[in-house]
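**Student:**
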Amino acid sequence: MPIHYYEQTQTFRIDAGKTSYAFRVGPRGVLLHLYFGPHIPDEDLSGLEFSLGLASFSPNPPGMAGSRFSLDSALQEYPVNGTGDYRLAALSIRGQNGSSATSLRYRSHEIRDGKYALDGMPAVYAGDAAAQTLDVTVEDPLTGAEVHLLYGVIEGFDAITRAAVIRNAGDAPFVIEKAASAALDLPRMDFDLIHLYGQWAQERQLSRAPLTHDIRTIASKRGASSHYHNTFAALAERSADETHGGAYGMSLVYSGNFAIETECDAYGATRAVLGINPVDFAWTLAPGEQFAAPEAVLVCSGEGLGGMSRTFHRLYRRHLCRGEWKEKIRPILVNNWEATYFDFDEEKLLAIAKDAAALGIEMLVMDDGWFGRRNDDKRSLGDWFVNEEKLKGGLKPLVDKVNALGLQFGIWFEPEMISPDSDLCRAHPDWVLCAPGREPSIARNQYVLDMTRQDVRDYLFETISGVLRSANIAYVKWDFNRNLTEAASPALPPERRGETFHRYVLGLYDLLERLTAAFPHILFEGCSGGGGRFDPAMLYYSPQIWTSDDTDAIERCRIQYGTSFVYPPSSISAHVSAVPNHQTGRVTDFATRGNVAMAGAFGYELDLTKLTAGEKELVKQQVAQYHAYAPLVQDGDFYRLINPFEDENRCAWMSVSPDRSEALATFIVPKTRVNFTSCLRLAGLDPDRFYKDSLTGSVRSGSLLMNAGINLSRAWKDGESVLIHLKAVR
Ligand code: DGJ
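Residue 585 in the numbering used here is what sits at position 447 of the sequence shown, and the numbering runs on without skipping anything.
1) Taking the beta carbon of V725 as the centre, do at least 16 other beta carbons fall within 10 Å, making it buried, or is it exposed?
2) May I ask whether a heavy atom of the ligand DGJ can be found less than 7 Å away from the beta carbon of G667?
3) For a test of the three-state rule: what should DSSP assign to E401, helix, strand or coil?
4) Look at the alpha carbon of H640 and the alpha carbon of F419, and state the distance between them as a whole number of angstroms.
5) Three or more beta-carbon pairs under 8 Å between the segment 265-280 and the segment 408-415, yes or no?
6) For W522, does the three-state DSSP call read helix, strand or coil?
7) Hey, how far is the Cα of D296 from the Cα of R512?
8) Return the bridge partner residues of N513 from the DSSP annotation.
9) P165 by DSSP, collapsed to three states: which one?
10) Can you have a look at E784 and say buried or exposed, based on whether 16 or more other CB atoms are within 10 angstroms of its CB?
11) With H, G and I counted as helix, E and B as strand and the rest as coil, what does DSSP make of I660?
12) Given that a residue counts as buried once 16 or more other Cβ atoms are within 10 Å of its Cβ, and exposed if not, what is F195?
13) If I'm right that I490 touches F547 with Cβ under 8 Å, what's the distance once you round it to whole angstroms?
14) The beta strand (DSSP E) with S711 in it runs from where to where?
15) Starting from the Cα of I871, find the closest Cα among Y224, G308, F805 and N619 and give me that residue.
16) Between L770 and L802, is the Cβ-Cβ spacing less than 8 Å?
17) Report yes if the C-beta distance between F672 and S447 is below 8 Å; otherwise report no.
18) With DSSP collapsed to three states, give me the class of R641.
19) Among residues of its own chain, excluding the 5 on either side of G233, which ones have a beta-carbon nearer than 7 Å to its beta-carbon?
20) Any heavy atom of the ligand DGJ closer than 7 Å to the Cβ of W114?
21) Specify the secondary structure class of P325 as computed by DSSP and reduced to three states.
22) Thinking just about the alpha-carbon of each residue, which of G669, Q760 and I549 is nearest to the one in I660?
23) With a 10 Å radius around its C-beta and 16 neighbouring C-beta atoms as the bar for buried, classify N813 as buried or exposed.
24) So, at 7 Å on beta carbons, what are the nonlocal neighbours of D257 in its own chain, with the 5 sequence-adjacent residues on each side left out?
25) Is T149 helix, strand or coil by DSSP?
26) Closer than 8 Å by C-beta to G252: which residues in its own chain qualify, once you throw out the five before and the five after it? Chain order, please.
27) Within 10 angstroms of the Cβ of P707, are there 16 or more other Cβ atoms? Answer buried if so, exposed if not.
28) Hey, how far is the Cα of R852 from the Cα of T815?
29) For the ligand DGJ, is there any heavy atom lying closer than 7 Å to the beta carbon of W616?
30) With respect to 7 Å, is the separation between the Cβ of W550 and the closest non-hydrogen atom of the ligand DGJ below this value?
31) Could you tell me which residues DSSP puts in a beta bridge with W791?
32) With DSSP collapsed to three states, give me the class of H142.
33) Can you confirm whether the segment 167-179 touches the segment 441-457 when touching is taken to mean that 3 or more C-beta pairs between the two stretches lie within less than 8 Å?
34) Measure the alpha-carbon distance for P782 versus I692 and round it to whole angstroms.
As structure tokens, then:
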């Protein structure tokens, strides 16, 4: 049993894989954090809590005058606002008395088998694996708020999931002004904060900097998790690298406004709080109602950042992604976006499909531009009806012809959007998300639909289902090309409009749930102007996500490297595109474009009819390579070898099969140097086995390959790369 309660000391202990976590009921029923780190034996944990209440500026709770106990310095499980702790709060509730001073005391707990689920929201699930849940109830006697602090653990994972469900057990409404999913107090601050920032076409760039005595916030208030910050942060020991050292990874399973805040307090402790962004959030909870904060996943790694990432990869691939496709090798697709943009018709698509079939590509994806009068980005979003000028006779004849060539067919939607110039907008101007009395801001010529409304979601479900039923569609790309503004739904009463952002996300999840359940055979791919909503929650509905609109292979090294901190390779959609690259103008050789894309869910995004005979031969080779290597890449353990954010001349990563009998290493030279010397030290191999490598043909021990490496010193051209396949021979 991984979860224990010790009655005598009122201590909870969770053992998750190689890690342990402990907290106890402290003075006045406050939950005090005791430990999170590498596994510890069953022992007395008293005295670990950290509390200094002697200074008059750190108050004692009522009735504890003169004691050493102050919330202001105590390490806690779920700190609250306004009652003596001046640091970041996890919970702030404004009651009928007009005050947001909040107080929580332990009432009871339950340990049960199985992993909890969250109503209407994505969460890690156990499936067939053994799992347990700890549900601790704390309550605020004044407001009647009853908070269930949920802890989940799945056998074999160094991860603890957390969530908080708040119920109004009182007799008057109150307003939740902040409800984090989890807080983590650690008794030290000698950490680096690692997080992933970015912008459109530059998602998930790596940032690492030491914590100092201040508050840092990684957040979005765009209505989406966003290109700008990812719902992830790690606290890593200063010396932690890819293979060694301690690191705490924190990942929020949420697609909307979020905040991951860290604070180093006066006493040298670190508090991290993660959850829905409290900015632009206020949720009224009437008596009897409940509110669930999204799930947070905490991973403690003693094997550096690589160990942390591999735990996230396995957990998310097996216990967060769902559906028929989650563990299947994904089809090689060709997407027509960069091949044609809006300028296509049936003839053009069939020409691409014919070449695709001849080259061994398995699916044609028809991107933006197939519906309404969509010949540019100025109109028709919301009018999900086939443009018969482009596709004569409709969708079915096209799909049948593509299928007859031996290819599957996929299609693009941007369900949450509405163009001002659309039949939908003319019929339902009130479906545009906009604060009453304001004019909606416009971005890429489009507005956002009010996804909080059931009638909007029903319309989308019916029209999208109609398209999906009209032909043999195997794949859907779900795009989202702008962020929310004026987000206060007129469909809600004024006092509830602070709920709009979160209700929007719940509405999105509701629609995704209905569609994925109704079309279980369809492979869904998430997208938001590239990777603007690449978060764990979207993986629950779509096991792969378009990583970035930047398809330049060299830029992709950094983007995919950063993305790999949390997300499994099987989720990282990556395509070979044309040169000069449409975003950067760079010319990179065909092999490198393939080698970089090979590290994810592989495909093409170019006009196959324009390739030379030589390039077509290379496509055939890449297709064969993908078939040979995809099981290794998608199910293997991923190791980052050379960090392109630190080394502008090199980038490398590798995948190792679970039984360590096979591996695939990728080495890329984004920018060359004279007298280029490099030894690529591998990782994850069995030190005692011998591997033959496909580059030199030599047979060497895993130990030698990991400690000395493969000598790659030679003249390299800018953008050159190599794939090295390793096979254990003894
Ligand atoms: C943004 C996506 O990331 C692109 O791949 C493409 O689908 C365009 N939208 C279409 O508008």
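Even for Gly, the Cβ is constructed at its ideal location relative to N, Cα and C.
**Tutor:** For this structure:
1) exposed
2) yes
3) strand
4) 8 Å
5) no
6) coil
7) 48 Å
8) The partner list for N513 (beta bridge, DSSP) is empty, contrary to what the question assumes.
9) helix
10) Exposed, because fewer than 16 other Cβ atoms sit within 10 Å of the Cβ of E784.
11) coil
12) Flag for F195 reads exposed.
13) That belief does not hold up - the Cβ atoms of I490 and F547 are roughly 12 Å apart, past 8 Å.
14) I710 to S715
15) Residue coverage of the chain in this structure runs from 139 to 868, which leaves residue 871 outside it and unanswerable.
16) yes
17) no
18) DSSP places R641 in helix when its eight states are reduced to three.
19) Once the five neighbours on either side are set aside, the close Cβ partners of G233 are L280, T281 and F312.
20) Missing from the structure shown is residue 114; the chain here goes from 139 to 868 and no further.
21) The three-state secondary structure of P325, taken from DSSP, is coil.
22) I549
23) exposed
24) A430
25) strand
26) A264, A269, Q270 and T271
27) buried
28) 7 Å
29) It does not: the Cβ of W616 is nowhere closer than 7 Å to a heavy atom of the ligand DGJ.
30) yes
31) R778 and T804
32) strand
33) no
34) 10 Å
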